[in-house]
């Protein structure tokens with residue numbers, strides 16, 4: 117696209133420009149895929165935990181005695197704690213991402229009441245009521261992760277489409293000077309890409325406190341940018357002359 121007689125940048129320069137522009141969405145895709153692998157592992161872990169909890173025989177509550185004060189001779193509560201350690205707390209990324217105590221982790225997932233029952237220093241019976249309450253809480257954790265996985269799939273699809281468009285734009289450059297005949301089209305494509313990406317971020321329905329913007333903040337917290345596609349578009353605009 118260079119004008120006749122214009123000195124073209126070296127192949128190395130254009131390759132460096134390509135890497136500079138595509139680096140944010142490329143890194144973002146790796147991050148999203150890693151996060152998805154971790155969330156999938158957590159979902160499987162909770163499913164395994166639910167299966168083991170369902171297999172634990174319940175204790176028969178003693179009449180007229182508070183459940184929290186009754187010693188569980190069956191060892192059911194300890195079996196539940198062991199199952200949690202061997203499933204939810206045994207994923208490959210657990211120590212790096214969470215690294216909680218048993219009580220703290222159960223409280224963060226199921227609430228302080230369940231944590232008090234399962235991790236109490238006072239003997240507790242594993243009643244049918246406690247088992248069903250725990251299984252319902254586990255199902256909520258599984259559903260929450262399935263929702264996050266859907267969000268991550270959407271983010272990956274958005275990033276992939278945006279990166280493909282950026283690749284097409286950058287790979288067709290043979291210089292940083294955009295010819296006059298192509299300037300309007302080039303600008304419109306960048307504007308459309310930016311608008312589509314912003315619409316996608318805004319359209320993400322909230323998951324608790326996690327909307328489209330906070331999702332980006334969470335996923336890309338370790339990067340020098342929060343919005344990978346918009347950063348890449350900004351780098352294109354800075355590099356070219358219209």
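Residue numbers (this note's numbering): 117 to 358.
Idealized CB from N, CA, C, for every residue including glycine.
In the same chain as residue 299, and ignoring 5 residues on each side of it, the C-beta atoms closer than 8 Å to its own belong to 358, in chain order.
Residue 331 is positioned such that its CB atom lies no closer than 8 Å to that of residue 262. By the criterion of at least three beta-carbon pairs nearer than 8 Å, the region 189-202 is in contact with the region 164-178. Only residues of its own chain outside the window of five on either side were considered, and among them 225, 226, 227, 230 have a CB closer than 8 Å to the CB of residue 253, listed in chain order. Taken through DSSP and simplified to helix, strand or coil, residue 356 comes out as coil. Take the alpha-carbon of residue 150 and the one of residue 140: they are about 15 Å apart. Under DSSP, residue 293 shares a beta bridge with 357. Comparing C-alpha distances from residue 256 to each of 144, 159, 291 shows the shortest one belongs to 159. Collapsing the DSSP output to three states places residue 135 in a helix. Counting only unbroken stretches of 4 or more residues, the alpha helix (DSSP H) elements lying wholly within the region 154-227 are 192-202, 210-213, 218-226, in sequence order. Beyond the five residues adjoining it in sequence on each side, residue 203 comes within less than 6 Å, by CB distance, of 161, 164, 165 in the same chain, given in chain order.
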